[in-house]
Structure formats: C-alpha cells, structure tokens
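Undergrad: Going by the working numbering, the sequence shown opens with residue 30, and the numbers climb by one from there.
No residue lacks a Cβ here, since even glycine has one placed at the ideal position from N, Cα and C.
Handing you a structure now.
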Amino acid sequence: MKKIILSSILGLAIIVSCEKKQDEQAENNKTTTEQKVSDDHATDNHEKLDEHKEGVKLELNNGAKWTMNAEMKPFINEMEIQINAYKPENGDYKMLATNLSATNDNLLKSCTIKGTPHDVLHSWLMPHMEEIDKLKKATDREEANHIVKELKESMEKYHKYFD
30 MKKIILSSIL GLAIIVSCEK KQDEQAENNK TTTEQKVSDD HATDNHEKLD
80 EHKEGVKLEL NNGAKWTMNA EMKPFINEME IQINAYKPEN GDYKMLATNL
130 SATNDNLLKS CTIKGTPHDV LHSWLMPHME EIDKLKKATD REEANHIVKE
180 LKESMEKYHK YFD
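Below, the structure written as structure tokens:
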C-alpha cells in the first residue's frame with residue numbers, strides 16, 4: 030500500500046514538474062518572440078528614418094508649403110489632437126507619451142514620401158520625435174508640461190511648412 034501511495038505521489042510530482050517546465054518554456058518563447066517583433070518594429074522605423082539626406086533644412090518649397098501625403102495626414106492630426114487635449118494641471122503625461130509614440134509609429138509606417146519632400150519632413154520629424162522621447166522619460170508634471178509646450182510649438186512649425 031505504501032508503495033502504491035509513494036509511486037502515485039512520485040508520478041504526480043513528475044507530471045507537475047513537466048507541466049511547469051513546459052509552461053516556463055512557452056513563456057520564454059513568447060517573451061523572445063515579443064522582443065523580436067518589437068526589435069524588428071524598431072529597426073523598420075529606424076531604417077525608414079535613415080532613408081533621407083543629411084543636412085536638409087526645414088524650409089518652404091519655393092515659398093509654398095510642402096504637400097503632405099493623404100496617408101500621413103490622419104496621424105499628424107491625431108498627434109495634434111492628443112497634444113491639445115492634454116491638461117497641464119492634471120493630465121496623464123505618461124499616457125500622452127505612450128499615445129504619441131504609438132501614433133508616431135503609425136505615421137512612420139504610412140510614409141510614402143520620397144526625395145526632397147521626405148527629407149524636409151524628416152528635418153521637422155526628428156526633433157518632434159525627440160520631444161516625444163523626452164516626454165516618455167519625464168519625471169514630474171512640471172517637466173512634462175514644458176515638453177508638451179515644445180510639442181505644441183513643433184506642431185505649429187509643422188503647419189508653417191506643410192499642408
């Protein structure tokens with residue numbers, strides 16, 4: 030009788046141990062896959078940003094605004110709405126940073142502009158993205174509010190150079 034109980038306990042322990050090991054392996058595989066997807070996504074966006082000429086100034090197109098492609102406009106508008114909806118006295122600046130970052134990722138994915146217009150857009154977008162990154166790292170409301178002010182000024186600059 031003792032042998033049967035001992036054998037049952039030992040068998041149960043082995044089964045539980047194997048299931049736990051499989052669960053850990055599945056979780057590790059999931060984490061590795063998620064990290065790979067995230068890294069690939071970051072690389073894709075980085076590569077998209079690298080497809081431009083260095084040193085191109087943010088300037089008008091022979092006195093006129095540059096035309097923004099229709100695929101990108103909704104994401105630019107969404108960023109502006111998010112920035113303008115932020116309330117300095119009690120807004121969730123961490124959530125704003127997360128939302129702006131996601132919208133910016135979609136903006137980069139939708140970019141089909143080539144040549145000089147792309148390079149000029151890039152000269153606006155890079156500093157804008159740096160402000161979003163600063164907002165992600167903000168440690169208090171005062172710092173965040175200053176960064177949001179910079180983001181609003183960045184959007185004004187966008188409207189000065191692009192339609």
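Could you tell me which of I110, G92, H188 sits nearest to L150, measuring between CA atoms?
TA: H188
Undergrad: Using a Cβ-Cβ cutoff of less than 6 Å, which residues in the same chain neighbour L180 once the five nearest sequence positions on both sides are dropped?
TA: I112, E160
Undergrad: Tell me the rounded alpha-carbon separation between L89 and E118.
TA: 36 Å
Undergrad: Rounded to whole angstroms, what is the Cα-Cα separation between A131 and T145?
TA: 26 Å
Undergrad: By the three-class DSSP mapping on this structure, what secondary structure does A99 have?
TA: Per DSSP, reduced to three states, the secondary structure at A99 is coil, with no helix or strand assignment.
Undergrad: Quick check: the stretch 92-101 against the stretch 132-141, are at least 3 beta-carbon pairs closer than 8 Å?
TA: yes
Undergrad: Starting from the Cα of K186, find the closest Cα among A126, K94, A114 and give me that residue.
TA: The shortest Cα separation from K186 among A126, K94, A114 belongs to K94.
Undergrad: Out of K163, S183, K178, which one is the CA nearest neighbour of A126?
TA: Considering only alpha carbons, the answer is K163.
Undergrad: Excluding five sequence neighbours on each side, which residues of the same chain lie with their C-beta closer than 8 Å to the C-beta of W153?
TA: L87, S183, K186, Y187, Y190, F191
Undergrad: Can you tell me where the alpha helix (DSSP H) holding K178 begins and where it ends?
TA: 170-190
Undergrad: Could you tell me the boundaries of the alpha helix (DSSP H) in which E159 lies?
TA: 144-166
Undergrad: Would you give the residue range spanned by the alpha helix (DSSP H) that N128 belongs to?
TA: 122-138
Undergrad: To the nearest angstrom, how far is it from the Cα of M124 to the Cα of F104?
TA: 17 Å
Undergrad: Under the three-state reduction of DSSP, which class applies to N119: helix, strand or coil?
TA: Of the three classes helix, strand and coil, the one that applies to N119 here is coil, per DSSP.
Undergrad: Does N113 come out as helix, strand or coil in the three-state DSSP assignment?
TA: helix
Undergrad: Please report the straight-line C-alpha distance between K116 and P156, rounded to a whole angstrom.
TA: 23 Å
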